[in-house]
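Enquirer: This structure is in structure tokens; I'll ask about it shortly.
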Amino acid sequence: MKNKLKSRLKAGEQTYGVWMSVESPIVTELLSALGFDWFVFDTEHNPLDIYQVQTLMQAMRGNQTTPLVRVVWNDLVPIKRALDVGAYGVVVPWVNTRQEAEMAVKACRYAPRGLRGCGPRRAAMFDSEYLKTADEELLVIAQIETKTAVENIDEILSVDGIDVSYIGPADLSASFGHLGNMSHPEVQHAIDQVFDASEAAGVATGVHMGAGKTIMDRVEKGYTFITVGSDLQFFRSGADKILQQLSQHE
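Numbered by this note's numbering, the letters in the sequence shown go through residues 1278 to 1527 in order.
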């Protein structure tokens, strides 16, 4: 296994990805042909099951886009299943402490370094080196989305094996008492704290959409793992644009 996305992030390169939630393989096929660096198939807040995730991965064209999965929870079983169907890494929600960060890493590592059960199925189907390389090549992305996580950010980032800190702005704003207001100064200060701590720890910096600012603001700030949109968002914005043009013609 060779994870070029992980290599690029370690080198400090900026990468851009899409949040995936639509159950149709043709959507994945279409968007994977456009040149995005990665997809995150979201099983936490979307109705995708593990079989659908596998099917969507199988529809991906070429090898430019790296498939990742946001698992439903920081638990051995969903993490194991996501990796076994071929994910190159996982976004783990609700990582609030050093212990929870350690749990996420162990779930992605085989014994004796971790607790991942050995049955890689599709992940190793076309890769005879998978068992030898997976521990080092898989991406572990800790989602930072609570006030507690911000308070513990240095301890979370000190865990060997955490590759990316990823801001979850919606839950983060709620945790600070500003539900739906990701632009609130207190939320933005917390986001900046996570960015600065990640830079100091040598951990890649991730952010969902603009997290209360524009995506270009985050690009200019230097984030390296940036969600630039979602499949549904692209469909809606394209349709809205056409309807606006038609309404102006009337």
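We put the beta carbon where it would ideally sit given N, CA and C, even for glycine. Small disclaimer: the values here were computed from a predicted structure and weren't measured.
When DSSP labels each residue in this structure, what does R1347 get in the three-state scheme?
Expert: Of the three classes helix, strand and coil, the one that applies to R1347 here is strand, per DSSP.
Enquirer: Would you kindly check if the distance between the Cβ of V1346 and the Cβ of A1336 is under 8 Å?
Expert: Going by C-beta atoms, A1336 is not nearer than 8 Å to V1346.
Enquirer: Please list, in chain order, all residues of the same chain as Q1341 whose beta carbon is under 7 Å from its beta carbon, the five residues on each side excluded.
Expert: G1312, listed in sequence order.
Enquirer: Are there 16 or more other CB atoms within 10 angstroms of the CB of G1457, so buried, or fewer, so exposed?
Expert: So G1457 ends up on the exposed side.
Enquirer: Starting from the N-terminal side, write out each stretch of the alpha helix (DSSP H) that is 4 residues or longer and does not extend beyond the segment 1359-1406.
Expert: The segment 1359-1406 contains these whole alpha helix (DSSP H) runs: 1375-1384 and 1399-1402.
Enquirer: By the three-class DSSP mapping on this structure, what secondary structure does Y1500 have?
Expert: Y1500 falls in the coil class under three-state DSSP.
Enquirer: For M1297, name the three-state secondary structure that DSSP assigns.
Expert: M1297: strand per DSSP, three-state reduction.
Enquirer: Just to confirm, are V1471 and V1427 a CB contact at a threshold of 8 Å?
Expert: Against a cut-off of 8 Å, the Cβ pair of V1427 and V1471 comes out as a contact.
Enquirer: Suppose the cutoff is 7 Å on Cβ atoms and the five residues either side in sequence are ignored; what does the same chain contact list for W1315 look like?
Expert: So the list reads L1282, T1292, G1294, T1342, T1343 and L1345, once near-sequence residues are dropped.
Enquirer: Should T1305 be labelled buried (16 or more other beta-carbon atoms within 10 Å of its own) or exposed?
Expert: Buried: at least 16 other Cβ atoms inside 10 Å.
Enquirer: Decide if T1320 is buried, meaning its Cβ has at least 16 other Cβ atoms within 10 Å, or exposed.
Expert: Counting Cβ neighbours within 10 Å, T1320 comes out buried, since at least 16 surround it.
Enquirer: Helix, strand or coil for V1480? Go by DSSP, reduced to three states.
Expert: It is coil, neither helix nor strand.
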